[in-house]
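Sequential numbering of the sequence shown, starting at 81, is according to the numbering used here.
Here the structure is laid out as C-alpha cells; the discussion comes afterwards.
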Amino acid sequence: MIPVAAPVLGERELEYVTDCIRSGWVSSLGDYVRRFEQEFAAYCGVKYGVATHNGTVAL
Numbered sequence: 081m082i083p084v085a086a087p088v089l090g091e092r093e094l095e096y097v098t099d100c101i102r103s104g105w106v107s108s109l110g111d112y113v114r115r116f117e118q119e120f121a122a123y124c125g126v127k128y129g130v131a132t133h134n135g136t137v138a139l
C-alpha cells in the first residue's frame, strides 16, 4: 500500500497525542478539544467555538 500522506509529528505533538490516548479522550471531548474551542472562539472574537469531525458534520 502506498500511503497518501504520512503524519509529521514533532516532540510536542507526539507528547499531546500520547497524552490524549492515555487520557482516553481521542474524539470529540476532552481537555484538548475544549481548549481548542475556547481559543478558536477568542481568535474569531465570538463567544463560542465548536469543533467538528469534518465539514459535513459542521453543516
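Built from N, CA and C at the ideal position, the CB exists for glycine as well.
With respect to the alpha helix (DSSP H) encompassing residue i, which residues constitute its N-terminal and C-terminal limits?
i: residue 132; result: Residue 132 -> no alpha helix (DSSP H), and no H or E assigned at all.
i: residue 113; result: 111 to 124
i: residue 108; result: It is not in any alpha helix (DSSP H) - residue 108 carries neither H nor E in the DSSP assignment.
In terms of alpha-carbon separation, which member of the options lies closest to residue i?
i: residue 138; options: 83, 108 and 102; result: 108
i: residue 141; options: 122, 87, 106 and 125; result: One cannot answer for residue 141 here, as it falls past the ends of the chain, which runs 81 to 139.
What three-state label does DSSP hand residue i in the structure shown?
i: residue 84; result: coil
i: residue 89; result: coil
What residues in its chain sit with their C-beta under 7 Å from that of residue i, if we drop five residues either side in the sequence?
i: residue 110; result: 100 and 103
Who are the near neighbours of residue i in its chain, counting only those whose CB is closer than 8 Å to its CB and skipping five residues on each side?
i: residue 97; result: 89
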